[in-house]
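A.B. asks:
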Amino acid sequence: MVAILGYSPQQITEAVQDMYTAVADRPDTHFHFPVGREALRFLGYAAGDADPLPDGVAESFAGVGNPFTAHAMKPGDTTLDIGAGAGNDSLIAASKVGTEGQVIALDLTAAMTRKLRCHAGDRYPNVEVIQASAEHLPLADESIDSITSNGALNLVPDKRQAIREMFRVLRPGGRLQLADVVINRPVNVNCDSDPRLWVECVVGATVEDSLLAMLGDEGFDNVRILRRLDYFAHSPSLQTREIAESFGAHSIELTAERAGQAPRWWQKWLRRGHPERLLGDLHRRGFLGVAALVLALLSCYGALAAVGMVTALGLGMALNPGLWAGTIGLFTILAMVFIAAGFRRHRSVTPAALALIGSVLVLYALFVNYGVITELTGFVFLIGAATRDLNLRRREEAERLGLKGRNHT
Ligand SMILES: C[S@@+](CC[C@H](N)C(=O)[O-])C[C@H]1O[C@@H](n2cnc3c(N)ncnc32)[C@H](O)[C@@H]1O
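Below, the structure is given as structure tokens:
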């Protein structure tokens, strides 16, 4: 698999296991996220669910929400808890599915599964503990009635693969309840100098809309957010609170149902290629200026090349000069506006100034006095402006994440 934000999947796995071994074995350590009974309380777990949990399990609770607000479990269910940790939700689930049901508690980190095995023991005979990755569930197709997961998906390198696996093991109509960290603004910067950033829950998290869209792409229906929580406001670390605020990190509790059939590949790609989704993604990643500039260049030189080729083939084709210049002018102005909007992020006027000079030159060449040098110079200024804007955006992100002084591309 390709590296994500500079991390290799192996680096992520090691960082996750280190962090959650500490949560399992040394829960009194100072973590950047809330743990234990205090966290169960502020996340709104019912006393009837949380109080009976053994202290040795509750002390390592590290959930980010209360997925049980979705009531996805029924008595007699075979339930899977993905990223079960020390097993707080697994044990709550065990009482909800009853003696007729079964809970499979799955986690990547050996120390967590050891701890849960030790505490579940004979008291919870309907809980089975498995050490495995959410990306490769060692379970048969359509063998699970309901899935619960709390705070794990944001830590998984390939979230789409994990969602595909959830779909595969759930039976048609099976229910999902999920609590996870999401962000409003994606992280684009290379973070490989600090693997801990991934496990601090913000860098690995998905944009909220993208997570909902991904669930829909992979065959989940009725995807509904039930609650949003300002989870990081409870972080004991000021730096984490600041990072979370600048990326709009928060947690959500959601519910969904597995559709009868997996969507076909072309249905998935139609969904993924929806213009609204593509534009939203370009906007969040700061690429709207580049996209508008590419369209301006394509409508200028691409259209010329296309006409040249068609003419060379002996077919007649003429461009409407007014429409042609208007299209190029429109994309040029859009590029300038989107590049200038980067000021809100990095507070530098350089990209806006370069973009203004570039667009004035292009518009002058288009509408006042055409000169190829003027037009080309204008585009060079615009390319410089877009590049500078992207660099400054990445630098600002890196500074917010505490990654100063590195190459952030
Ligand atoms: C934030 S903790 C939450 C644990 C538990 N759900 C709770 O509420 O206390 C996330 C858990 O997900 C596990 N995890 C992270 N990546 C995983 C993966 N790829 N597959 C399975 N579990 C994973 C970690 O080991 C950790 O125990």
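Just so we're aligned: 388 in my numbering is position 387 of the sequence shown, and the numbers increase by one with no gaps anywhere.
Yeah, the Cβ is synthetic: ideal placement off N, Cα and C, and Gly gets one too.
(1) Please report the distance separating the alpha-carbon of Arg394 from that of Gly343.
(2) Can you tell me the Cα-Cα spacing of Asn155 and Gly327, whole angstroms?
(3) Which same chain residues end up closer than 7 Å to Ile1 when comparing Cβ atoms and leaving out the 5 residues on each side of it in sequence?
(4) Could you check which residue in Ala354, Ile374 and Ala353 has the C-alpha nearest to that of Val363?
(5) Report whether the distance from the Cβ of Phe288 to the nearest heavy atom of ligand 1 is below 7 Å.
(6) Rounding to the nearest angstrom, what Cα-Cα distance links Gly323 and Met310 in this structure?
(7) Taking only three categories from DSSP, how would you classify Phe382?
(8) Beta carbon of Gly152: closer than 7 Å to some heavy atom of ligand 1?
(9) Just the C-alpha distance for Met167 and Arg259, rounded to the nearest angstrom, thanks.
(10) How long is the line joining the alpha carbons of Cys301 and Thr79, rounded to whole angstroms?
(11) Using a Cβ distance threshold of 8 Å, determine whether the stretch 67–76 contacts the stretch 133–140, with at least three qualifying pairs required.
(12) Would Ala94 and Met74 be called neighbours here (beta carbons separated by less than 8 Å)?
(13) What separation, rounded to the nearest whole angstrom, lies between the Cα atoms of Gln178 and Leu294?
(14) Report the option in Arg273, Gln240, Arg278 and Met215 whose CA atom is closest to the CA atom of Gln162.
(15) So Val24 packs on Ala63, CB below 8 Å; how close in whole Å?
(16) Can you list the beta strand (DSSP E) stretches of 3 or more residues lying completely in the stretch 244–298, in chain order?
(17) What ranges does the beta strand (DSSP E) occupy inside the stretch 51–118, keeping only unbroken runs of at least 3 residues that lie completely in it?
(18) Our contact map puts Ile253 next to Arg229 with C-beta atoms below 8 Å; I'd like the distance itself, whole angstroms only.
(19) Would Val426 and Leu117 qualify as a contact pair, given that the criterion is a beta-carbon distance under 8 Å?
(20) Closer than 7 Å: is that where the CB of Ala87 sits relative to any heavy atom of ligand 1?
(21) Return the CA-CA distance between Gly66 and Phe233, expressed in angstroms with no decimal places.
(22) Roughly how many angstroms lie between the CA atoms of Ala387 and Leu298, to the nearest whole one?
(23) Assuming Gly175 is part of the beta strand (DSSP E), what are its boundary residues?
(24) For a quick check, are the C-beta atoms of Ala87 and Ser61 less than 8 Å apart?
(25) Leaving out five residues on either side along the sequence, give the residues of the same chain with a beta carbon under 7 Å from the beta carbon of Lys160.
(26) Can you list, in chain order, the residues of its chain whose CB lies under 7 Å from that of Leu54, leaving out five sequence neighbours each side?
(27) Would you list the one or two residues that DSSP bridges to Thr149?
(28) Give the DSSP-derived three-state secondary structure of Val224 in the structure shown.
C.D. replies: Taking the definition as stated:
(1) What you label residue 394 is simply residue 393 of the sequence shown in a count that begins at 1. What you label residue 343 is simply residue 342 of the sequence shown in a count that begins at 1. Going from the Cα of Arg394 to the Cα of Gly343 covers about 7 Å.
(2) Here the question's residue 155 lines up with position 154 in the sequence shown. Here the question's residue 327 lines up with position 326 in the sequence shown. Cα to Cα, Asn155 sits roughly 45 Å from Gly327.
(3) In the structure as shown, the chain begins at 2 and stops at 410. Residue 1 is therefore absent and cannot be evaluated.
(4) Position 362 of the sequence shown, counted from the start, is the residue given in the question as residue 363. Taking only the C-alpha atoms, the option nearest Val363 is Ile374.
(5) Looking up residue 288 in the sequence shown gives position 287. For ligand 1, not one heavy atom lies less than 7 Å from the Cβ of Phe288.
(6) In the sequence shown, the residue the question calls residue 323 occupies position 322. In the sequence shown, the residue the question calls residue 310 occupies position 309. If I take the Cα positions, the gap works out to 21 Å.
(7) On the sequence shown, position 381 is the one that residue 382 refers to. Of the three classes helix, strand and coil, the one that applies to Phe382 here is helix, per DSSP.
(8) As a working mapping, residue 152 is identified with position 151 in the sequence shown. Indeed, a heavy atom of ligand 1 lies less than 7 Å from the Cβ.
(9) As a working note, residue 167 is residue 166 in the sequence shown. As a working note, residue 259 is residue 258 in the sequence shown. Met167 and Arg259: Cα-Cα distance of roughly 9 Å.
(10) Working through the sequence shown from its first residue, we reach residue 301 at position 300. Working through the sequence shown from its first residue, we reach residue 79 at position 78. Answer to the nearest angstrom: the Cα atoms are 60 Å apart.
(11) no
(12) Locating residue 94 in the sequence shown gives position 93, where the first residue counts as 1. Locating residue 74 in the sequence shown gives position 73, where the first residue counts as 1. It is a contact, given that the beta carbons lie within the stated cut-off.
(13) Against the sequence shown, residue 178 aligns to sequence position 177. Against the sequence shown, residue 294 aligns to sequence position 293. Approximately 42 Å between the Cα atoms of the pair.
(14) The residue you call residue 162 lines up with position 161 of the sequence shown. Ranking the options by Cα distance to Gln162, first place goes to Met215.
(15) Against the sequence shown, residue 24 aligns to sequence position 23. Against the sequence shown, residue 63 aligns to sequence position 62. That pair is a contact at about 5 Å.
(16) 251–259
(17) 79–83 and 103–108
(18) Within the sequence shown, residue 253 is the residue found at index 252, counting from 1. Within the sequence shown, residue 229 is the residue found at index 228, counting from 1. About 5 Å; that satisfies the 8 Å criterion.
(19) With the chain running from 2 to 410 in the structure shown, residue 426 is simply not present.
(20) Taking the first residue of the sequence shown as position 1, residue 87 is located at position 86. Ala87 Cβ: within cutoff of ligand 1.
(21) In the sequence shown, counting from the first residue as 1, residue 66 sits at position 65. In the sequence shown, counting from the first residue as 1, residue 233 sits at position 232. Approximately 11 Å between the Cα atoms of the pair.
(22) Counting from 1 along the sequence shown, the entry for residue 387 is found at position 386. Counting from 1 along the sequence shown, the entry for residue 298 is found at position 297. Cα to Cα, the separation comes out at about 13 Å.
(23) Against the sequence shown, residue 175 aligns to sequence position 174. Counting along the chain, the beta strand (DSSP E) containing Gly175 begins and ends at Leu171 to Ile184.
(24) By one-based count along the sequence shown, residue 87 stands at place 86. By one-based count along the sequence shown, residue 61 stands at place 60. A contact, by the Cβ cut-off of 8 Å.
(25) Indexing the sequence shown from 1 puts residue 160 at position 159. Correct list, in chain order: Leu154, Thr207 and Met215.
(26) Position 53 of the sequence shown, counting from 1, holds the residue named residue 54. Taken in chain order, the residues that qualify are Asn89 and Leu92.
(27) Locating residue 149 in the sequence shown gives position 148, where the first residue counts as 1. BP columns for Thr149 point to Asp82 and Gln178.
(28) Against the sequence shown, residue 224 aligns to sequence position 223. If DSSP states are grouped into helix, strand and coil, Val224 belongs with the strands.
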